[in-house]
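For reference, each letter of the sequence shown is one residue, going 515 to 667 in the numbering used here.
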Amino acid sequence: MLDKVDYRRHLSATKVSFGDEVTIDITIANRKILPLPWVQINEEVPDELAYPKGRKPILQKQSRAILPNVLSLSWYHQLTRRHIIKCVKRGYFSFGPTTITSGDLFGFFSKQTTETKVDHLLVYPKTVPLEELGISSNTIFGNHRIRRHLFED
Numbered sequence: 515m516l517d518k519v520d521y522r523r524h525l526s527a528t529k530v531s532f533g534d535e536v537t538i539d540i541t542i543a544n545r546k547i548l549p550l551p552w553v554q555i556n557e558e559v560p561d562e563l564a565y566p567k568g569r570k571p572i573l574q575k576q577s578r579a580i581l582p583n584v585l586s587l588s589w590y591h592q593l594t595r596r597h598i599i600k601c602v603k604r605g606y607f608s609f610g611p612t613t614i615t616s617g618d619l620f621g622f623f624s625k626q627t628t629e630t631k632v633d634h635l636l637v638y639p640k641t642v643p644l645e646e647l648g649i650s651s652n653t654i655f656g657n658h659r660i661r662r663h664l665f666e667d
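Structure representation (structure tokens):
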């Protein structure tokens, strides 16, 4: 049933800064003459990022969630779903694996496959000028003395 069905995930960027948005394109193509009445794509995504309203992922396990997509495909048809994600936490995140399930119109038969490809996203901390932090760049060691030293002279 899932023969000649192609799946692809594409991240718009692999390295971003805190607060940036990343676009995830999920493309599925039916390369055969038989239509697919329903296809469910369960994309495993990190839970720490902010997803658009109405597309909140289902929590699966700690720090991982499922982003579900349910659709139908006619013969020789290709469909792309686009999700915009806001990076509200810094770190190294992985997208995938993906489970694809399809079946007949009445639900008597179904077939499932897993796409094991994993994409990664690196979110850097937000960079701010030193002036905004209140740290003057002309005093390297600071102007406060302490009694305890890390290293003895």
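All C-beta atoms, glycine included, are put in the ideal place defined by N, C-alpha and C.
Pair within 8 Å by beta-carbon distance, residue 625 and residue 516: Yes. Within cutoff.
Cα-Cα separation between residue 531 and residue 547, rounded to whole angstroms: Taking the straight line from one Cα to the other gives about 44 Å.
Three-state secondary structure (DSSP) of residue 644: Helix, per DSSP.
Close-in-space but distant-in-sequence residues of the same chain around residue 600 (CB under 6 Å, 5 per side omitted): Only residues of its own chain outside the window of five on either side were considered, and among them 535 and 564 have a CB closer than 6 Å to the CB of residue 600, listed in chain order.
Distance, residue 561 Cα to residue 480 Cα: Here the chain covers residues 515 to 667 and nothing more, so residue 480 does not appear.
Buried versus exposed, by CB contacts within 10 Å (16 or more), residue 572: With fewer than 16 other Cβ atoms inside 10 Å of its own Cβ, residue 572 counts as exposed.
Cutoff 7 Å; reference residue 585; Cβ partners in own chain excluding five residues on either side: Once the five neighbours on either side are set aside, the close Cβ partners of residue 585 are 553 and 593.
Length of the line joining the Cα atoms of residue 606 and residue 529: Each residue's alpha carbon lies about 9 Å from the other.
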